[in-house]
Amino acid sequence: MVSYPLTLPATPGIRNFSMKPLSAVGMNVSPFTFSQEVQVSQGQQWTAEFDLPPMLRVHAADWQGFMLGLNSSEGTFLMGDPDATEPLGTPTGTPVLDGNHAVGVREINIKGLTANSTGNLLRGDVIQIGSGSSARLHRVVEAVNADANGKATVGIWPLVRTGRADNEPVVTSGAVGLWRLAPNTTEWASDVIGHHNISIKCIEVVP
């Protein structure tokens, strides 16, 4: 029996990858004065699309089985940003969450950094909170420097969607999040010389 979350097949690697952040933000504009009223809701979600290079059946079959094992949007899998597997900053120590964190917060408090260290994370770096089915992928929205106690506050996107506990690890290398296939998008094609072409659309799991 298939057990979720699945892991992406290792071969071949992704050829093209794109991520799109979605925010539930609406705006009303007066047709007379053009004044704007912005309405911000809590919804934030990653979406992604990626293409695989043309491949022979020996590799295509593994990807086809992976997609069928997910059964459209039923199953889940772990994936990070293949272009941001390592941070641009230089993390020090072993960062973990500092205190419990409620759903909806846009900043996390971390501890375990080297005291007074700077540039632990830079704006745009990717981090992971949680593991397995609780793994979530976040980007840092401002540089992270530690105080004299090795603590720091980190602005993140998307916001926290699952309550987090004190001392949960903050992963800075090889970060992944939890995804599912976009509904009814599973398909592949092959040509006369046996090259298979596969494109995948997916959405972040939001509890």
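Taking the working numbering, the leading residue of the sequence shown gets 3, the next gets one more, and so forth. Backbone N, C-alpha and C fix where the C-beta goes; we use that ideal spot for every residue, glycine too.
Practice task
Provide the residue span of the beta strand (DSSP E) that contains Met81, from first to last.
Solution key: Numbered from its first residue, the sequence shown carries residue 81 at position 79. Here the beta strand (DSSP E) through Met81 covers Phe79 to Met81.
Handout entry: Enclosing alpha helix (DSSP H) for Phe68 [first to last residue]
Key = Residue numbering aside, residue 68 sits at position 66 when the sequence shown is read from its first letter. First-last of the alpha helix (DSSP H) with Phe68: Arg59 to Leu72.
Exercise for the section: Could you pull the start and end residues of the beta strand (DSSP E) that Asp53 belongs to? Expected result: Walking along the sequence shown from the start, residue 53 turns up at place 51. That run of the beta strand (DSSP E) goes Gln38 to Asp53.
Problem - Cβ-Cβ distance between Arg138 and Ile131 below 7 Å - result: The residue you call residue 138 lines up with position 136 of the sequence shown. The residue you call residue 131 lines up with position 129 of the sequence shown. Yes, they are a contact pair.
Exercise for the section: With a cut-off of 8 Å on the beta carbons, I'd call Pro210 and Gly114 a contact; round off their distance for me. Expected result: No statement about residue 210 is possible, as the shown extent of the chain runs from 3 to 209 and does not include it.
Exercise for the section: Given a cut-off of 7 Å, decide if Val162 and Val105 are closer than it, judged by their beta-carbon atoms. Expected result: Locating residue 105 in the sequence shown gives position 103, where the first residue counts as 1. Locating residue 162 in the sequence shown gives position 160, where the first residue counts as 1. Cβ atoms of Val105 and Val162: closer than 7 Å.
Problem - Same chain, Cβ closer than 7 Å to Ser74, neighbours up to 5 away in sequence not counted - result: Residue numbering aside, residue 74 sits at position 72 when the sequence shown is read from its first letter. Taken in chain order, the residues that qualify are Leu183, Pro185, Asn186 and Thr188.
Handout entry: Close beta carbons around Gly95, own chain, < 7 Å, minus the five adjacent residues each side
Key = Translated into the one-based positions of the sequence shown, residue 95 becomes position 93. The residues are Gly114, Leu115, Thr116 and Gly152.
Practice task
Take Ser5 as the anchor and find which of Asn102, Leu72, Trp190 and Ile200 has the nearest alpha-carbon.
Solution key: Translated into positions along the sequence shown, residue 5 becomes position 3. Among Asn102, Leu72, Trp190 and Ile200, the Cα nearest to that of Ser5 belongs to Leu72.
Problem - Proximity of Gly176 and Asp127 at Cβ, strictly below 7 Å - result: Start at 1 with the first residue of the sequence shown, and residue 176 comes out as number 174. Start at 1 with the first residue of the sequence shown, and residue 127 comes out as number 125. No. Outside cutoff.
Handout entry: Supposed close pair Val143, Gly82 - CB separation, criterion 8 Å
Key = On the sequence shown, position 141 is the one that residue 143 refers to. On the sequence shown, position 80 is the one that residue 82 refers to. Their Cβ separation, rounded to whole angstroms, is 18 Å, which puts Val143 and Gly82 out of contact at 8 Å.
Handout entry: Residue environment, Pro160, which counts as buried when at least 16 other CB atoms sit within 10 Å
Key = Your numbering for residue 160 matches position 158 in the sequence shown. Around the beta carbon of Pro160, a 10 Å sphere encloses 16 or more other beta carbons of the protein chains shown; the residue is thus reported as buried.
Practice task
Take the Cβ of Phe79 as the centre, count every other Cβ of all protein chains shown within 10 Å, and call the residue buried at 16 or more, exposed below.
Solution key: Position 77 of the sequence shown, counted from the first residue, corresponds to residue 79. Under this definition Phe79 is a buried residue.
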